[in-house]
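Peer 1:
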Amino acid sequence: MAAIEILDLEKTYLVGFWCKRPKRALQPLRLTIEEGEIFGFLGPNGAGKTTTLKILMGLVFPTAGTARILGREWTDPEVKAQIGFLPEQPYFYDYLTAHELLDYFGQLSGVPARERKRRVEEVLSLVGLTDIKGLQLRRFSKGMLQRIGIAQAILHNPRLVFLDEPMSGLDPLGRREVRDLIAQLKQDGKTVFFSTHILSDAEALCDRVAIIHKGELRGVGAVDDLTSSVVGKIEVIWQGTQIPASIKALGAECHVSGDNVRAVISDNQQDAIIDALRRERVRLISITPLRTSLETYFVEKLQHSQTTAGKRA
Amino acid sequence: MTSRIAYIASNTFREAVRDRVLYNLIAFALLLSGAAIFVGQISIDIERLVVVNLGLAAVSLFGTVIAIFIGIGLVSKEIEKRTLYTVLSRPVRRWEFIIGKFFGLAGTLVVNTFFMAIGVFAALLYVAHKFSRPDALILIALYFIILEFLMICALALLFSSFSTPLLSAVFAFSLFVIGSFADDLRAFAELSHGFTHWVAAAAAYLVPNFSALNVISAVAHQQPVGAQLVLSNTLYALLYTTVALSGAVLIFERRNLK
Amino acid sequence: MSAQRRTTVIAASCLIVSFAACVVLLRQIDRIRPPALAEDQIYISSPKMIHRASLGFDGLMACIYWTRTVQYFGHRHFNGEMSYNELAPLLEITTALDPELLPAYQFGASFLAPPPPHGAGEPDRAIQLMEYGIQHNPDHWQLYYNLGFVYYTELKDYKRAANAFERGSRVPDSQPFMKVMAALMAEHGGDLLTARLLWSKTFETAREKDIRENAIAHLRALQVDEDIGRLQAGVTDFGERTGRLPTSMSELTTAEHLPANPADPDGNPYLMTPRGLIVLQKPDDFPFVTRGIPPGYKPSGPARFHHAS
């Protein structure tokens, strides 16, 4: 079953004080996210990622279109009990402590009283927040708030988690922890839909991604497919400072960096280059198939749209 | 459903308490004890009148200010600070949020009024040295003041559901003032004709009518308040509150949260 | 969308039904309460403004104005001022703010009507004030009493006074003497007995210090008037009988079988002038007497009942 089916949701805002002019924030969007996958929603700032998430959360009403979440109409309050949401740069009632806030959210999500206390402790340790008893949220750093935000999103053990820029405001160590956490969510059988403009996060985590730009969907696909679309080459690295003539003869592009030599060569030459290196008696370090990075794909999609837009203009 | 309203209400109450709203009680206590001591000196037959009038007027004024200043921020502040996102993404209906907020604020005011009432009776005991049976009428006046608070809370919440806090404050205060003039507005509507009559009559019935709820001076004179007035005022206040809250729900139900 | 639509329908019907019920209830409340009449605004225009400006805290404002009124009159009277131009507006504002503040009406009856230096000399406004008070408190006999009092003491209109007392006597819980008053007015309007009854009732019913002192001063003056009247009649009788004036007070009292050593309420004996006039020793202490004033007497200072008692 699809976890999320977005069926031509679109949003047009009216901007201006007196003379309202329509401004399209989201072109009709059609997207399906399968249950159990980690789905990355990619795009530069202001692309329409947050608008899409807000529509799905029922915070903003779409101009047209509909969506289904976990097989139900997306506005159905029953759905809300099974989803978790982390807004972008989350902010919470700053007069509460973390325990009070999570207890309150637990109440609202219908977590039974006897489970609530245990669950709160569980998610707090899961996001790495300890020793914060009695501390009001107004004293929390940005990173700590982000962790509380993740904690409240998974507090009620939802089947589907929406995360809007979950890594923002975190230090490198924190990002690493959140990555692990998201991976863990997938292991627990949950579906994760997260938006980000940081491609390395998406590449490391996602099963599939969608790229959105200026409110328009530019591409969807499995990360493996997207990044293996331009294959046919391998990267070979060995120890040495010299580039043997036999390898040059194979047509490899070679660079010397420090004690290592890096060569890129067509994958049908793989056996030939290994034989050549064996003959040269150098120490082989690695042979990896070369993949296009997600970044390359992303930039390509964005540039494509700009050139088509340019042509249209 | 009901439990979620109660959770939201108790969190609203907790917010008010932690924002030190109840500190107003200190100012109230100072004002009242000062007045009680002062009128004890200038004996002109009306110490009791002054204490009851001033005490009840202060209860009403302090409560109105609190109701408006908290009420106008109840929804708009949550939208502005985006604290609402993580609430409405839970199984909370928007109308439950509005109703919960209302009860939270109303509860805050009832607690606040309770402490103020103790102050009024203490001051009365200080100047009159004993309670008399008609002093129980003060309880009716306090009850009417609470009814007035309910209406003001609901109105502040209504404005808060579509407007900025500053504008909401202006709206709510204007309605509070006009509501005190509502009698005249209705009298004016009776006298006018044609289009003016309809506009004035509509306005007169649309604004909250506080004049019937103000029995402070009658109570200060130990005049009985009719049971029928108590009943009618109760019904009126509850119905008017329902009108304002329904309006708030209708607006908030459609609101896009930026 | 269906959940939202259901909420909309319920909220909208709540709104419409509640609002309709509000209108019905308000009409009913208006019937229970005295309506805000347009005539009120014409009757007293500026006090009405203050009433509105008080934002429902009119009871408190009335207290403030009542305090001001008492202070205003007290100060001016103590200083022997000959005008009380603000007294009427102050009382009107006070009673507009709080039509049930009964002491204000009594104060008005006592000090608005009498001519200076003891009052503002505005009996018409005093009567207007009483009628306003009666309109708002028709069940308080004291207001009818005050009205009759003004007609009686200042305007000497015994017929209207009798009418006021009569109206007051019909109020439930009215004092029995109101009936007596009405009857007395018809027959013995100018009698000292009537006046004494009136002033002693004022003294008994008032709690305000100035009003009580004023009543005592009047009662003392009535006593003096009565004493001197009796003594003066004795002098006349004596003259008719003997063809001469008595030579001393003791000769007069003995010959005419009057109580010996007649004295004013302060204990100072009355004096007899060589021409047979009975006079007070200290007329300054009796500002309201109509008899016993020595010929050529001029008040040595402003009359003050504040010191009389």
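Residue numbers (our numbering), protein chains in the order written: chain A, 1 to 313; chain B, 314 to 571; chain C, 572 to 880. Note that the Cβ used here is the ideal one computed from N, Cα and C, for glycine as well. Here the structure is a predicted model, which is why all the values come from computation and not from measurement.
1. Is the separation between the beta-carbon of A:ILE38 and that of A:ILE182 shorter than 8 Å?
2. Compare the C-beta of A:THR75 with all C-beta atoms of chain C and state if any pair is closer than 8 Å.
3. Are at least three pairs of beta-carbons, each pair with one atom in the region 558 to 570 of chain B and one in the region 453 to 473 of chain B, less than 8 Å apart?
4. Cβ closer than 8 Å: which chain B residues qualify as neighbours of C:SER589?
5. Below 8 Å on the Cβ atoms is my contact criterion, and I expect B:ILE385 with B:ALA482 to pass it. Report the Cβ-Cβ distance as a whole number of Å.
6. Quick test of the definition: if touching needs 3 or more C-beta pairs under 8 Å, does the region 16 to 33 of chain A touch the region 199 to 218 of chain A?
7. At the 8 Å Cβ level, is A:GLY110 part of the contact set with chain B, yes or no?
8. Quick one: is A:TYR91 near chain B, going by C-beta distance under 8 Å?
9. Output needed in chain order: residues of the region 395 to 407 of chain B with a Cβ under 9 Å from some Cβ in chain A.
10. From the DSSP output, in three-state form, read off C:GLY867 for me.
11. What residue does the beta strand (DSSP E) around B:VAL372 start on, and which one ends it?
12. Identify every residue that forms a DSSP beta bridge with A:PHE194.
13. Which bits of chain B does A:PHE315 rub up against, with CB to CB less than 8 Å?
14. Among the candidates A:PHE17, A:ASP8 and A:GLY46, whose CA atom is the shortest distance from the CA of A:ALA25?
15. What are the residues in the region 319 to 341 of chain B lying within 7 Å of chain A by C-beta distance?
16. I'd like the list of long-range same chain contacts for A:ILE234, defined as Cβ closer than 7 Å, with 5 residues on each side in sequence excluded.
17. By the DSSP assignment, the beta strand (DSSP E) with A:ILE260 in it spans what residues?
18. When you compare each of B:GLU503, B:TRP511, B:LEU463 and B:ILE529 to C:ASP601 by their alpha carbons, which one comes out closest?
19. Applying a beta-carbon distance threshold of less than 8 Å, which residues of chain B neighbour C:GLU671?
20. For the 8 Å Cβ check, are there 3 or more pairs between the region 89 to 103 of chain A and the region 130 to 146 of chain A?
21. Can you pull the chain B residues whose beta carbon is under 8 Å from the beta carbon of A:PHE194, in chain order?
22. I'd like the ranges of any alpha helix (DSSP H) spanning at least 4 consecutive residues and lying wholly in the region 772 to 831 of chain C.
23. Given that A:PHE87 touches chain B, what residues does it touch there, using C-beta distances under 9 Å?
24. Rounded to whole angstroms, what is the Cα-Cα separation between B:ILE383 and B:GLY492?
25. Does A:GLY58 come within less than 8 Å of chain E when only Cβ atoms are used?
26. Go to A:LYS11, then tell me how far its beta strand (DSSP E) extends in each direction, as first and last residue.
27. Using only the alpha-carbon positions, how far apart do C:ILE613 and B:LEU498 sit?
28. Short of 6 Å in beta carbon distance, which residues of its chain neighbour B:SER373, apart from the five on each side in sequence? Order them along the chain.
29. Within a Cβ cutoff of 7 Å, which residues of the same chain sit near A:CYS206, ignoring the five residues on either side of it in sequence?
30. From C:ARG604 to C:SER745, what does the alpha carbon distance come to, in whole angstroms?
31. Can you find the residues in the same chain that come closer than 7 Å, C-beta to C-beta, to C:ARG696, ignoring five residues on each side of it along the sequence?
32. Check whether the region 62 to 82 of chain A and the region 391 to 405 of chain B touch, using three or more Cβ-Cβ pairs below 8 Å as the test.
33. Given a threshold of 16 other Cβ atoms within 10 Å of its Cβ, counted over all protein chains shown, does A:THR51 qualify as buried or as exposed?
34. Around the Cβ of A:ASP164, are there at least 16 other Cβ atoms within 10 angstroms (buried) or fewer (exposed)?
35. Inspect the CB distances between the region 183 to 200 of chain A and the region 8 to 27 of chain A and report whether three or more fall short of 8 Å.
36. Which residues in the same chain as B:LEU397 place their Cβ atom closer than 7 Å to its Cβ, once the five residues preceding and following it in sequence are excluded?
Peer 2: On the basis of the data shown:
1. Residue 38 of chain A sits at position 38 when you count from the first residue of the first sequence. Residue 182 of chain A sits at position 182 when you count from the first residue of the first sequence. Yes, Cβ-Cβ distance for A:ILE38 and A:ILE182 is below 8 Å.
2. By one-based count along the first sequence, residue 75 of chain A stands at place 75. Judged by the 8 Å Cβ criterion, A:THR75 is in contact with chain C.
3. yes
4. Taking the first residue of the third sequence as position 1, residue 589 of chain C is located at position 18. Ordered by position in chain B, the residues that pass the 8 Å Cβ test against C:SER589 are LEU552, TYR553, THR555, VAL556 and SER559.
5. The sequence position of residue 385 of chain B within the second sequence is 72, counting from 1. The sequence position of residue 482 of chain B within the second sequence is 169, counting from 1. Indeed they touch by this definition, with Cβ atoms about 5 Å apart.
6. yes
7. Sequence index remark: in the first sequence, residue 110 of chain A carries index 110 (1-based). Chain B contact via Cβ: present.
8. For the purposes of this step, residue 91 of chain A is taken as residue 91 along the first sequence, with counting starting at 1. Cβ-Cβ to chain B under 8 Å: yes for A:TYR91.
9. ARG395, THR396, LEU397, TYR398, THR399, VAL400, LEU401, SER402, ARG403, PRO404, VAL405, ARG406 and ARG407
10. Your numbering for residue 867 of chain C matches position 296 in the third sequence. C:GLY867 carries a coil assignment under DSSP once its states are collapsed to helix, strand and coil.
11. Position 59 of the second sequence, counted from the first residue, corresponds to residue 372 of chain B. Premise fails: B:VAL372 lies in the alpha helix (DSSP H), 360 to 384, not in any beta strand (DSSP E).
12. Position 194 of the first sequence, counting from 1, holds the residue named residue 194 of chain A. According to DSSP, which records beta bridges pairwise, A:PHE194 is partnered with A:GLY40 and A:LEU163.
13. Given that chain A is displayed from residue 1 to residue 313, the structure contains no residue 315 of chain A and the question cannot be resolved.
14. For the purposes of this step, residue 25 of chain A is identified with residue 25 of the first sequence, where counting begins at 1. Check the Cα spacing between A:ALA25 and each of A:PHE17, A:ASP8 and A:GLY46: the tightest is with A:GLY46.
15. Near chain A, meaning a CB-to-CB distance below 7 Å, the residues of the region 319 to 341 of chain B are TYR320, ASN324, GLU328, ARG331 and ASP332.
16. In the first sequence, counting from the first residue as 1, residue 234 of chain A sits at position 234. Listed in chain order, the non-local C-beta contacts of A:ILE234 below 7 Å within the same chain comprise ILE265, ASP267, GLN270, ILE287, THR288, PRO289 and LEU290, local neighbours out to five positions each way being set aside.
17. In the first sequence, residue 260 of chain A corresponds to position 260, counting from 1. Note that residue 260 of chain A is Asn in the sequence shown here, rather than Ile. Counting along the chain, the beta strand (DSSP E) containing A:ASN260 begins and ends at 260 to 266.
18. Within the third sequence, the letter at position 30 stands for residue 601 of chain C. Distance check between C:ASP601 and each of B:GLU503, B:TRP511, B:LEU463 and B:ILE529 places B:GLU503 closest, using alpha-carbon atoms only.
19. The residue given as residue 671 of chain C occupies position 100 in the third sequence. Going along chain B in sequence order, the residues near C:GLU671 (Cβ under 8 Å) are SER530, ALA531, HIS534 and GLN536.
20. yes
21. Along the first sequence, one-based indexing puts residue 194 of chain A at 194. Within 8 Å Cβ-Cβ: nothing; A:PHE194 doesn't reach chain B, min ~15 Å.
22. The qualifying runs are 780 to 813 and 820 to 826.
23. Taking the first sequence and counting its residues from 1, one reaches residue 87 of chain A at position 87. Correcting the residue identity first, residue 87 of chain A is Pro in this sequence and not Phe. Here the neighbours are ARG395, TYR398, THR399 and SER402.
24. For the purposes of this step, residue 383 of chain B is identified with residue 70 of the second sequence, where counting begins at 1. For the purposes of this step, residue 492 of chain B is identified with residue 179 of the second sequence, where counting begins at 1. Those two C-alpha atoms are separated by around 20 Å.
25. Looking for chain E here will not work: the only protein chains present are A, B and C.
26. In the first sequence, residue 11 of chain A corresponds to position 11, counting from 1. According to the DSSP assignment, A:LYS11 belongs to the beta strand (DSSP E) that extends over 2 to 15.
27. In the third sequence, residue 613 of chain C corresponds to position 42, counting from 1. In the second sequence, residue 498 of chain B corresponds to position 185, counting from 1. No answer about C:ILE613 holds up, because its pLDDT of 31 lies below 50 and its placement is not dependable.
28. Counted from its first residue, the second sequence places residue 373 of chain B at position 60. Within the same chain, B:SER373 has close Cβ partners ILE458.
29. As a first step, residue 206 of chain A is located in the first sequence; it is residue number 206 there, counting from the start. Correct list, in chain order: ILE38, PHE39, GLY40 and VAL223.
30. Counting from 1 along the third sequence, the entry for residue 604 of chain C is found at position 33. Counting from 1 along the third sequence, the entry for residue 745 of chain C is found at position 174. Their Cα atoms are separated by approximately 24 Å.
31. As a first step, residue 696 of chain C must be located in the third sequence, where it is residue number 125. Cβ contact annotation for C:ARG696 (same chain, cutoff 7 Å, sequence separation greater than five): ALA659 and LEU683, in chain order.
32. yes
33. In the first sequence, the residue the question calls residue 51 of chain A occupies position 51. Under this definition A:THR51 is a buried residue.
34. By one-based count along the first sequence, residue 164 of chain A stands at place 164. The residue in question, A:ASP164, is buried, as its Cβ has 16 or more Cβ neighbours within 10 Å.
35. no
36. Position 84 of the second sequence, counting from 1, holds the residue named residue 397 of chain B. For B:LEU397, where only same-chain residues beyond five positions count, the Cβ hits under 7 Å are GLU391 and LEU570.
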